[in-house]
Amino acid sequence: MMNLSYYPGCTLKTKAKNFEDSAIAFMSTLGIDLIELPRWNCCGASYCLADDDLIHQVAPVRDLIRVKEQSVRGILPLKPPKVVTLCPFCYNTLKRANLIVKNDPSKKDTLNSFMDDEIDYQGEVETVHLLEVLRDDIGWEAIAEKVKVPLKGLIVAPYYGCTLIRPREIAIDDVERPTVLHRLMETLGATVVDFPLATECCGSFQSVSNPDLAAETAWNILTLAQRQGAEALVLSCPLCEYNLGFQQKLMMKKHGEFKGIPTPYFTQLLALALGAAPESCGFDQGYTDSRALLQSKGLLS
Amino acid sequence: MRVELTSEKLHGSFVAKVEEISGQDLLSCYQCGKCSAGCPMSFAMDILPNQIIRLAQLGMEVEIAESKAIWLCATCITCAARCPRGCDLSRVMEALRLLTLRKNVDAVEPSRIPEEALADLPQIALVSCFRKFTA
Ligand code: SF4
Ligand code: SF4
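So the sequence lines, in the order shown, correspond to chains A and B.
The first sequence begins at 200 in the working numbering and counts up by one.
The second sequence begins at 169 in the working numbering and counts up by one.
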């Protein structure tokens, strides 16, 4: 078993429990033990882009220090210490905050002096996303060997969104042409279609202040994927799922011809393909319902 | 649009402040328009992203403060990833927002968000919205 420190973040404990639950459902099958980070705090969700503002970096850096503490105490075998994220917003914020500590000695000193009892931090912790663990540590071949329910006949469009691939310094894959979700879905036996808006922003948090505009952006993405023949859009982010999934009701009101499309997380399809119990895949808790589609393909009873 | 350029505007404290907060050299932008072409929210903006940075170069503080564009930016970082001049427009947008927010002015009033929406919105959406649009 590979022990990995795991940072869940706020959304996975509330609105996107099915994202976390479905990931946990297949972890042991792949030989991974996720150890939830003790005393984690909200990372701040959206990375602060102001050069003269360090206070908003305290929260993510404190989380990274907690990971280093685990490693110093010997709870984590991996050196340098690694922390796995599932939420792409958390991934982005933690990873970018660490770049400040690594690249700016004076800001690093200021951040360290701001902490109370925390140990000194030099930017040692590497933040990774679960997709990187699947690709780089486990590998597609090893995953393919474990597939019990191949996703045969299921036509999916992988959708990447923003925060896993931008900016370049923290991208888990090619910025303009990522393939990691494509490879994963192929490994599980699904048919993958490509479409030009796989890296286009879904409207992000504009859905709070300008829901109609965000829904228009999201509608563009969904209809283009459908035109390429996609039966489902595979996601990796709870905010994408809200904008591209939940907001489909709004799109249907405005665009009478629009037919919905399921928006499962990659973890749900992975859990299903690896033979996890259907209840633990959380298909009943999504903003959209993938069950009818999966049943029609004989993948779910 | 008719624009009056003055030395005070071009070399004034507004330009210096935007550059300080964003960490970007505003004159690095040569107005190719790539940022606006790829911006997912530009369809709804009154002033396009490349025009925003042009106005910032010229010190046109009032025009920017009155625009809706900086509040429609979703910080998706597409502009920054594609700029051929390496200018990070997402940081310029943030600096321009902060010049308003730091006067203790909110761009989004949390109490106006409908309760039904609050019940369903993921935390990352709410926290991000408040971080970017409230003082
Ligand atoms: S892409 Fe860069 S150089 Fe081109 S207009 Fe936008 S900011 Fe300026
Ligand atoms: S970061 Fe803002 S301005 Fe830049 S492309 Fe995204 S929404 Fe447009």
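For each residue, glycine too, the CB sits at the ideal point set by N, CA and C.
Only a predicted model underlies this, so the values are computations on that prediction, with no experimental measurement involved.
Following the DSSP letters along the chain, one finds A/T466 inside the alpha helix (DSSP H) bounded by residues 465–472. Look at B/P290: its C-beta is under 7 Å from a C-beta on chain A.
By the Cβ criterion, the stretch 438–450 of chain A is not in contact with the stretch 469–477 of chain A, since fewer than three pairs of Cβ atoms, one from each stretch, lie closer than 8 Å.
The contact set of A/N409 on chain B, defined by CB atoms closer than 8 Å, consists of A212, L240 in chain order.
At least 7 Å separates the CB of A/K306 from every CB of chain B. Residue-level contact by beta carbon holds for A/P437 and chain B, with a gap shorter than 7 Å. With fewer than 16 other Cβ atoms from the protein chains shown falling within 10 Å of its own Cβ, A/I318 counts as exposed. If you ignore the 5 residues before and after B/F182, its C-beta comes within less than 6 Å of the C-beta of G227, E229, all in its own chain and listed in chain order. Sequence-ordered contacts of the stretch 478–491 of chain A with chain B read Y486 [C-beta pairs closer than 8 Å]. Annotation: B/S258 to B/I245 spans about 6 Å, alpha carbon to alpha carbon. Under a criterion of Cβ atoms nearer than 7 Å, no residue of chain A is adjacent to B/T302; the nearest Cβ is some 10 Å distant.
Separation of B/K236 and A/E340 (C-alpha to C-alpha, rounded to the nearest whole angstrom) is 50 Å.
Just so you know, the alpha carbons of A/T416 and A/D315 end up roughly 44 Å apart.
Within the same chain, Cβ atoms closer than 6 Å to the Cβ of B/L223 are found at E231, I232, the five residues on either side in sequence being excluded. Listed as beta-bridge partners of A/N291 by DSSP are no residues whatsoever. Going by DSSP, B/L266 is part of the alpha helix (DSSP H) stretching over 257–269.
A direct Cα-Cα distance of roughly 13 Å separates A/N311 from A/A296. Per DSSP, the unbroken alpha helix (DSSP H) holding A/N217 starts and ends at 216–226. The CB of A/L412 comes closer than 9 Å to the CB of M209, F211, A212, L240 in chain B, given here in chain order. For B/M213, there is no enclosing beta strand (DSSP E), as DSSP gives it neither H nor E. Taking 6 Å as the cut-off, one finds no heavy atom of ligand 1 near enough to the beta carbon of A/R426.
The beta carbon of A/P461 sits closer than 6 Å to those of A431, T487, S489, L492, all from its chain and outside the five residues before and after it, given in chain order. Taking a Cβ-Cβ cut-off of 8 Å, the neighbours of B/G191 in chain A comprise D250, given in sequence order. The C-alpha of A/P349 lies about 26 Å from the C-alpha of A/L423. Restricted to the stretch 184–251 of chain B, the alpha helix (DSSP H) segments that are unbroken, complete and at least 4 residues in length are 202–206, 217–225, 229–234, 237–240, 246–250, listed in chain order. Remark: the shortest separation between the CB of B/M209 and any heavy atom of ligand 2 falls under 6 Å. Annotation for B/R253 indicates a beta carbon within 6 Å of some heavy atom of ligand 1.
Across the set A/F457, A/P280, A/L298, A/A215, the C-alpha of A/A215 shows the shortest separation from the C-alpha of A/P463. Residue-level contact by beta carbon fails for A/F225 and chain B, as no gap is shorter than 7 Å. Distances from the CB of B/G206 to the heavy atoms of ligand 1 are all 6 Å or more.
Within chain A, no residue has its beta carbon less than 9 Å from that of B/T268; the closest one is some 13 Å off.
Spanning the alpha carbons of B/V276 and A/G402 requires a straight line of approximately 16 Å. A/P280 sits buried, since 16 or more C-beta atoms from the chains shown fall within 10 Å of its C-beta. With contact defined as three or more Cβ pairs closer than 8 Å, the stretch 215–230 of chain A and the stretch 241–258 of chain A are not in contact.
Within the chosen limit of 6 Å, ligand 1 reaches the beta carbon of B/I221 through at least one heavy atom. The beta carbons of A/T284 and A/P437 sit no closer together than 7 Å.
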